[in-house]
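Participant: I'd like to ask some things about the structure below.
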Amino acid sequence: MASIPVYVWRLAPDGLATRRQLRTKGLRPGGHDVVAQIERPRRRRGPLVAYLYEIDKAKPIRPMTPAKWAALSKANTARRTCPECERDAGYVIPASLGMCVPCAYPDDEQRAA
């Protein structure tokens, strides 16, 4: 197995970019392998690692289709709908509660009134 080059933080050569950097340019790795990695040292833990891809081999980001937009909208609506009262809470329901805040704490609502 061949090892990949490791660069120090902020000292990577031109022509390489992380996934986030590619994304800001409207690109994606496009199935190509990692070319190198950057390591940022930390004091008490292991270094932060970021993988680098060649910008020349990157492909444009695929645009969202109407079907993807519809699926995303449906998923977000499901995350906002309370399973107890079946109303749109107006926010994403916390997984820790599993229901909207008024359903989770009905006594607090009565005290406020």
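For the record, in the sequence shown the residue sitting at position 37 is 196 according to the working numbering, with numbers rising by one throughout. By construction, the Cβ of each residue, glycine as well, lies at the ideal position given by its N, Cα and C atoms.
1. Specify the secondary structure class of alanine 248 as computed by DSSP and reduced to three states.
2. As an exercise, report each continuous alpha helix (DSSP H) stretch of at least 4 residues that is fully enclosed by the segment 184-233, in chain order.
3. Where threonine 224 and lysine 216 are concerned, what is the direct C-alpha to C-alpha distance, given to the nearest angstrom?
4. Following the continuous beta strand (DSSP E) through tyrosine 109, name the residue where it begins and the one where it ends.
5. On the DSSP bridge assignment, give the partners of leucine 175 in chain order.
6. Quick check on this structure: which residue in Leu181, Ala195, Tyr264 and Arg238 has the alpha carbon closest to the alpha carbon of tyrosine 166?
7. State yes or no: is the C-beta of arginine 187 within less than 7 Å of the C-beta of isoleucine 163?
8. What residue from Pro222, Gly190 and Ala209 has the CA that sits closest to arginine 199's CA?
9. Within 10 Å of its beta-carbon, does leucine 175 have 16 or more other beta-carbons around it, so buried, or fewer, so exposed?
10. What is the C-beta distance between lysine 218 and glycine 185, in whole angstroms, given that I count them as a contact (C-beta under 8 Å)?
Facilitator: With the given structure in hand:
1. Within the sequence shown, numbered from 1, the residue matching residue 248 stands at position 89. The answer is coil: DSSP assigns alanine 248 none of H, G, I, E or B.
2. none
3. Stepping through the sequence shown from its first residue, residue 224 is reached at position 65. Stepping through the sequence shown from its first residue, residue 216 is reached at position 57. About 24 Å.
4. It is not possible to answer for residue 109, since the shown part of the chain is limited to 160 through 272.
5. The sequence position of residue 175 within the sequence shown is 16, counting from 1. In DSSP, leucine 175 forms a bridge with Glu213.
6. Taking the first residue of the sequence shown as 1, we reach residue 166 at position 7. For tyrosine 166, the closest of Leu181, Ala195, Tyr264 and Arg238 by C-alpha to C-alpha distance is Ala195.
7. What you label residue 187 is simply residue 28 of the sequence shown in a count that begins at 1. What you label residue 163 is simply residue 4 of the sequence shown in a count that begins at 1. Going by C-beta atoms, arginine 187 is not nearer than 7 Å to isoleucine 163.
8. Here residue 199 refers to the residue found at position 40 of the sequence shown. Comparing C-alpha distances from arginine 199 to each of Pro222, Gly190 and Ala209 shows the shortest one belongs to Ala209.
9. Translated into positions along the sequence shown, residue 175 becomes position 16. So leucine 175 counts as buried.
10. Translated into positions along the sequence shown, residue 218 becomes position 59. Translated into positions along the sequence shown, residue 185 becomes position 26. Contact between lysine 218 and glycine 185 fails: their C-beta atoms lie close to 10 Å from each other, not under 8 Å.
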